[in-house]
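For reference, the structure is listed below as structure tokens.
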Amino acid sequence: MSAATPFALLANATSLPWADVPAWPVADFVRATAAEISRGARLSSLFGVPEGDDVQLVAVLAFDSDSTLAVGRSTPFKGGYPALTATHAQAHLFEREIWEQHGLTPEGHPWLKPVRRSAGNAPANAEFFRVDGGEIHEVAVGPIHAGVIEPGHFRFQCAGEEVLHLEIALGYQHRGIEEALAGGPHRATLIQMETIAGDTTIAHATAHASLMEALAQTEAPLLAQWLRAIALELERLANHTGDLGALANDVAFLPTSSACGKLRGDFLNLTALICGNRFGRGLVRPGGCRHNLDSVRAAQMIGTLTTALADTEQAASWLWDAASVRSRFENVGTVFQAQAAEIGLVGPAARACGLVRDVRYDHPAGWHRFAHSSVAVWPGGDVFARARVRSLEIQRSGEFLREQLATPPEGAFFSDLAAPAPDTLAVALVEGWRGEVCHVALTDAAGRFRRYKITDPSFHNWTGMTLALRGTAISDFPICNKSFNLSYCGFDL
Amino acid sequence: MFILDTLAHRLKHGCETMDYPKGPAPALPDRHGGALKVDASKCADGCTACVPVCPTQAIIRLPGKPVSLDLGRCVFCAACVEVCPEHAITQTGDHRMAVRRREDLVLGGAGHEQVRLADALDAKLRKLFGRSLRLRQVSAGGCGACEADTNVLGTIGWDLGRFGIQFVASPRHADGLLVTGCVSNNMELAVKKAWDAVPDPKIVIAVGACAIAGGPFVGHPEIHNGAASIVPVDLFIPGCPPHPLTILDGLLRLLDRLEETRKK
């Protein structure tokens, strides 16, 4: 499928000279990108690169079944251009972002408004979509929510209990991460990569480190790749287990809730066993890893894992066994497969719609070139399916870890990295626990970052949440929200 | 049958809540390192090896002055510990780090080698909050990790409720705010509104390097460098994120619920 594309092809976690990225006048660029999406490519990222007073648009496409990525760009321009969103909905947030960051107007975009721009002391949210009528009421929630949770604003249009439309306004967590990367890497860059989304530290740090290695035309030692793969699955285990517990809690099913709350901590503590920090801070470094998992620690990890996995399996089985839980999960918050494909859903939320889509399998890089686990898919697209996919992934991550921990590779776990190549574009995808983490870096003539684009899986998936709520009772919002459990800070950057 | 299963599980596991603070504190992960200690008298003349390696510019050394490390800004990466040729900066393994005054987190001067741990609230506030503290958590421009490890205190292993400490939904039901995140410009209004809505007398607890000093994002034009620039802070709990034990220690210290420091 990708063979005949006019885009430049590259594999995950590799780089190519900026000059080799084909450029077209913007109308042709939009047409070419639309054509590729129409025949099955997925829009991993779309962003602008300033060029003097003008801007070039860059598209990163993923051909999942061919295990290849493709990049193309427009020639520099300013002003307006025909919106890709008009024909391909998965571009809609990217084009809002381009409009906000570069002042380019995607003409024909149906809902052009700010993404995270500030209006001083709050985000510039602009007008919300409104449904009119005497029976309609509007519910506004946030930015501060009821629990210990990140901020965001939800605006519901309801007829009685039924949600007709949900609009989500974010940007409250905007810390200026992409802006700060210009001219980098700086000394704060790594810790900022680790805190793009605090629960996805390993995935984002691995994507960043892989980029730096691709820009230096090398890769990390095998032992480091193995360590990153171990830590990535521990991150997945902790978060998926926490999510199952949180889902149980939201339907007042306390046995699973309390068991999973504790088990999540057990998995976090295994990450701390490697690097001292429960979220994996300080483990992944460009060039390798900062700590090793010696045989004593590995044995300790296998012991704890075995018990914790058995307990998690049991706690999850209570969920499937209880009719009261099933009746709350089934046919609630459904996203149909065609919708999921259209909006470019990623991660467990996509796999719960029956889409076979997993970076570890589709675009293997690092250790995943040598070790696979099968993709966990479940049809249905409802809360139940999203819970089931998580539970399947817990089993598969567990198997992966037990297999891998028994056979560590030998050698060094760090090697010094050469300086990044100048005028080079690199792309790295990592399957974080929420889905595809995408980092793209473009260097200038001195090898510093000219542009660095981060796409957290939540950037793709928040739209899925709004679709899940359509026609659903507003009282089901909490379990729908938990079933996606998306990141606010990962979106807000 | 999940009903029999869950009962059997409960009987088998028994009470899973830790003994702390009556018993010993659970051990920190051995690679965690705990609080830092700075013995500036060991520094070689003019040595500034630790200054450029700090990702958050928490370490400064002015000519002729001792080195100064701000534990409030620190993300505990230990790069300074590794690079120091004289072992002047060391890890103590101690989970206790909470302080009442911002300057008590600045290490390095003579007599200021370690953090000056927090005193309890005054008698009047202790009487009000000592056995029942309701907090409204406000997440304001961080990464979500401080929130996650604050949430952990509600799980069965920690059971924060046994101390009478509870997170509530409405600031009007709260005795204070627990702020995480550096306070992004976009959260400034929300933080102010939440603070205004809490009835007097009220307290503010800043959890994590972001809420204390901007953390990894210090100096960005999109943020304020911590909660104290918006609201008065009564307790600072360092970390990136702080270990749950560090947060719990801070809360109990403030309420005078720790045996080791108990006021009579």
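Residue numbers (the numbering used here), protein chains in the order written: chain A, 1 to 493; chain B, 1001 to 1264. The beta carbon of each residue, even a glycine, is placed where N, CA and C say it ideally should be.
Proximal chain B residues relative to E150(A), where beta-carbon distance stays under 7 Å: Residues of chain B passing the Cβ test: S1139, G1144, E1147.
CA-to-CA distance, H88(A) to V346(A), given in whole angstroms: Their backbone Cα atoms lie some 16 Å apart in a straight line.
Contact set between the stretch 1202 to 1220 of chain B and chain A, restricted to residues whose Cβ is under 7 Å from the partner: Going along the stretch 1202 to 1220 of chain B in chain order, one finds P1216, F1217, H1220 with a Cβ nearer than 7 Å to chain A.
Straight-line Cα distance separating I1205(B) from H1013(B): Taking the CA atoms as reference points, H1013(B) sits about 34 Å from I1205(B).
Where the stretch 1184 to 1199 of chain B meets chain A: residues whose CB sits under 7 Å from a CB there: Of all residues in the stretch 1184 to 1199 of chain B, S1184, N1185, N1186, M1187, E1188, L1189, A1190, A1194 have a Cβ within less than 7 Å of some Cβ in chain A.
Beta carbon proximity, P1029(B) to chain A, threshold 8 Å: It does: the Cβ of P1029(B) has a partner Cβ on chain A nearer than 8 Å.
Three-state secondary structure assigned by DSSP to E161(A): DSSP places E161(A) in coil when its eight states are reduced to three.
Alpha-carbon to alpha-carbon, Y81(A) and L425(A): Roughly 24 Å between the two C-alpha positions.
Segment contact flag, the stretch 1243 to 1255 of chain B with the stretch 1214 to 1232 of chain B, C-beta cutoff 8 Å, min 3 pairs: Touching, no, given that fewer than three Cβ pairs across the two stretches are closer than 8 Å.
Anticipated Cβ contact below 8 Å, P25(A) with T75(A), distance rounded: Confirmed, about 6 Å.
Spatially closest choice to S1184(B) from S118(A), G471(A), P478(A), T407(A), by CA coordinates: If we check each option's Cα against that of S1184(B), S118(A) comes out closest.
Assumed close pair P123(A), R116(A) - CB separation to whole angstroms, cut-off 8 Å: Beta-carbon to beta-carbon, P123(A) and R116(A) are separated by about 6 Å, close enough to satisfy the 8 Å threshold.
Whole-angstrom C-beta distance between V383(A) and I479(A), which should lie under 8 Å: Approximately 5 Å separates the beta-carbon atoms of I479(A) and V383(A); this is inside 8 Å, confirming the contact.
The stretch 1097 to 1110 of chain B touching the stretch 293 to 313 of chain A, judged by at least three CB pairs closer than 8 Å: No, the stretch 1097 to 1110 of chain B does not touch the stretch 293 to 313 of chain A.
CA-to-CA distance, G435(A) to L93(A), given in whole angstroms: If I take the Cα positions, the gap works out to 17 Å.
Min CB distance F279(A) to chain B below 8 Å: Taking Cβ atoms only, chain B reaches closer than 8 Å to F279(A), which makes this a yes.
Secondary structure of V502(A), DSSP reduced to three states: Past the edges of chain A, shown from 1 to 493, lies residue 502(A), and the structure says nothing about it.
Spatial distance of I144(A) from P151(A) (CA atoms): Those two C-alpha atoms are separated by around 5 Å.
Cβ of P1232(B) within 8 Å of any chain A Cβ: By this cut-off, P1232(B) is not an interface position.
Separation of P348(A) from A1140(B), as counted between CA atoms: When rounded, the distance between both Cα atoms is 27 Å.
Cutoff 6 Å; reference K1264(B); Cβ partners in own chain excluding five residues on either side: Legend: pLDDT at K1264(B) = 47, less than 50; position of this residue unreliable, no value from coordinates given.
Proximal residues to E161(A) (C-beta, below 7 Å), its chain only, five neighbours per side dropped: Closer than 7 Å at Cβ, skipping near neighbours: A473, I474, S475.
Residues that R448(A) bridges to, as DSSP identifies them: The partner list for R448(A) (beta bridge, DSSP) is empty, contrary to what the question assumes.
For A8(A), the first and last residue of its enclosing beta strand (DSSP E): For A8(A), the enclosing beta strand (DSSP E) starts and ends at 8 to 10.
Cα-Cα separation between L1258(B) and L1252(B), rounded to whole angstroms: About 6 Å.
Under 9 Å by beta carbon: chain A residues contacting I1165(B): Chain-ordered listing is empty here: chain A has no CB closer than 9 Å to the CB of I1165(B), the nearest sitting near 12 Å.
Residues that D199(A) contacts on chain B, provided the C-beta gap is smaller than 7 Å: Listed by position along chain B, the residues whose Cβ is nearer than 7 Å to that of D199(A) are G1144, A1145, A1148.
Cβ-based burial, G353(A) [other Cβ within 10 Å; buried from 16]: In the sequence as displayed, the identity of residue 353(A) is Cys instead of Gly. For C353(A), the number of other beta carbons within 10 angstroms of its own is at least 16, and it is reported as buried.
Members of the stretch 150 to 178 of chain A near chain B, C-beta cut-off 7 Å: Answer set for the stretch 150 to 178 of chain A: E150, P151, G171, Y172, Q173, H174, R175, G176.
Reduced DSSP category for E167(A) - H, G, I as helix; E, B as strand; rest coil: The DSSP-derived three-state label of E167(A) is strand.
Interface partners of W318(A) on chain B, CB under 7 Å: Close partners of W318(A) in chain B (Cβ separation under 7 Å): F1002, D1005, T1006.
Limits of the alpha helix (DSSP H) - the one that R96(A) falls within: Where R96(A) is concerned, the enclosing alpha helix (DSSP H) stretches over 92 to 102.
8 Å Cβ cutoff, C1047(B) in contact with chain A: So, not an interface residue.
Expected contact under 8 Å - CB spacing of F139(A) and F156(A) to nearest Å: The residue asked about is misnamed: residue 139(A) is Val in this sequence, not Phe. Confirmed, Cβ separation roughly 4 Å.
Coarse secondary structure for K1264(B), derived from DSSP in three states: Because K1264(B) sits at a pLDDT of 47, beneath the cut-off of 50, its placement in the model cannot be relied upon, and the following sentence gives the value as read from the coordinates. Three-state DSSP puts K1264(B) in coil, outside helix and strand.
Listed by chain order, chain B residues near I302(A) by CB distance under 9 Å: The CB of I302(A) never comes closer than 9 Å to any CB in chain B; the least such distance is about 17 Å.
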